[in-house]
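Undergrad: One structure coming up, written as structure tokens, with questions to follow.
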Amino acid sequence: MRGGSYRDGAVVVRSHDFGEADRVVVLLTRSHGVVRSVAKGVRKARSRFGSRLQPFVRLDVQLYPGRNLATLTSADTVAYYGAGIIEDFDRYAAASAVLETAERVAAHGEDPALFDAVVDALARMQVSAHPVAVLDAFLLQAMATEGWAPSLFDCASCQAPGPHHAFHPGVGGAACLNCRPSGSAEIDEQTLHLMWLLAGGHVAAAEAILAAEGGGHLGAQAHRLTVAHLQWHLETTLSSLKVMEQR
Ligand SMILES: [Zn+2]
């Protein structure tokens, strides 16, 4: 089935050299999900088209569907988010984790809400003093777009209103005293409140809590729970999240 060409919004999630002068570019598009494409001839000198095909750029692309790889014939820059990210290791690692997670979560088709969450996260990441919180906000919003966001206030099992003090991805998030499975994480109710702010897109309010807290315990616990929930549902570990753990 080969349709005609189409335009779409896109960000590059991954790319590698291909043949003599081409690049394979994996795109997260706004309306066609993850698209694997080839950009022909872009490694020749002075290809301005090729220089735009990098992470942290929002593009307007033209694609021709193909059997295995689409052909990427043009790309215009809509927004460049690299400034503030590429020279800062923590922001770079967090922004890379946004892109890697987006590719994994989006693999099954059109997802405008996910695409919009990616570009919002990249824009916010450029100036954030709390890149991990920006990442966690994205991860929670991405899980919500896929229908498996953790419950952060009510018990995920019996819906008893919180706040609760246990969390387990296997039951779907927060758990009350009656429902908590063995092996649940013991948690501060402030941590779930912080995650609730991040999930709702109230990132500035969450960053204010983190700035006031100092020690970093709440932010670290929120990140552990968010990643645990994500990886439980993806049934895999993501390499960019592992890089961040090693810091
Ligand atoms: Zn319960």
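Straight run, no breaks: the sequence shown in the working numbering ends on number 233. Beta carbons are placed, not taken as given, at the ideal position from N, Cα and C, and that holds for glycine.
(1) Report the start-end ranges of each alpha helix (DSSP H) in the stretch 34 to 104 that is 4 residues or longer and not cut off at the edges.
(2) What's the C-alpha gap between Leu224 and Arg9?
(3) On the three-state DSSP scale, how would you describe Leu305?
(4) Would you say the beta carbon of Asn54 is closer than 8 Å to some non-hydrogen atom of ligand 1?
(5) Please state the DSSP three-state secondary structure of Ala146.
(6) Contact defined as beta carbons within less than 8 Å: I believe Asp97 pairs with Thr131. What is the distance between those atoms, to the nearest angstrom?
(7) If you follow the alpha helix (DSSP H) that Val118 is in, where does it begin and where does it stop?
(8) Is the number of C-beta pairs between the stretch 50 to 62 and the stretch 21 to 38 that are closer than 8 Å three or more?
(9) Would you decide whether Ser37 is buried or exposed? Buried here means 16 or more other CB atoms lie within 10 Å of its CB.
(10) Met(-13) to Leu49, Cα distance in whole Å?
(11) Have a look at Ala79 and Ile71 and give me their C-alpha separation to the nearest angstrom.
(12) Following a CB-centred definition, is Ala319 positioned closer than 8 Å to any heavy atom of ligand 1?
(13) Under the DSSP definition of a beta bridge, which residues are partnered with Gly(-5)?
(14) Just to confirm before moving on: does the CB-CB distance between Pro41 and Leu85 stay below 9 Å?
(15) Give the DSSP-derived three-state secondary structure of Met(-13) in the structure shown.
(16) Return helix, strand or coil for Thr15, following the three-state DSSP convention.
TA: In brief:
(1) 34 to 37, 75 to 92
(2) 24 Å
(3) This structure cannot settle anything about residue 305, because the visible part of the chain is limited to -13 through 233.
(4) No, Cβ of Asn54 sits at least 8 Å from all heavy atoms of ligand 1.
(5) coil
(6) 6 Å
(7) 117 to 132
(8) yes
(9) With fewer than 16 other CB atoms across the displayed protein chains lying within 10 angstroms of its CB, Ser37 is exposed.
(10) Unreliable positioning characterises Met(-13) in this predicted model, as indicated by a pLDDT of 44, which lies under 50. A coordinate reading is not provided.
(11) Annotation: Ala79 to Ile71 spans about 9 Å, alpha carbon to alpha carbon.
(12) Residue 319 falls outside the range modelled here, since the chain spans only -13 to 233, and no answer is possible.
(13) Paired residue(s): Asp46.
(14) yes
(15) Note that Met(-13) scores a pLDDT of 44, beneath 50, so its modelled location is shaky and nothing firm can be said.
(16) strand
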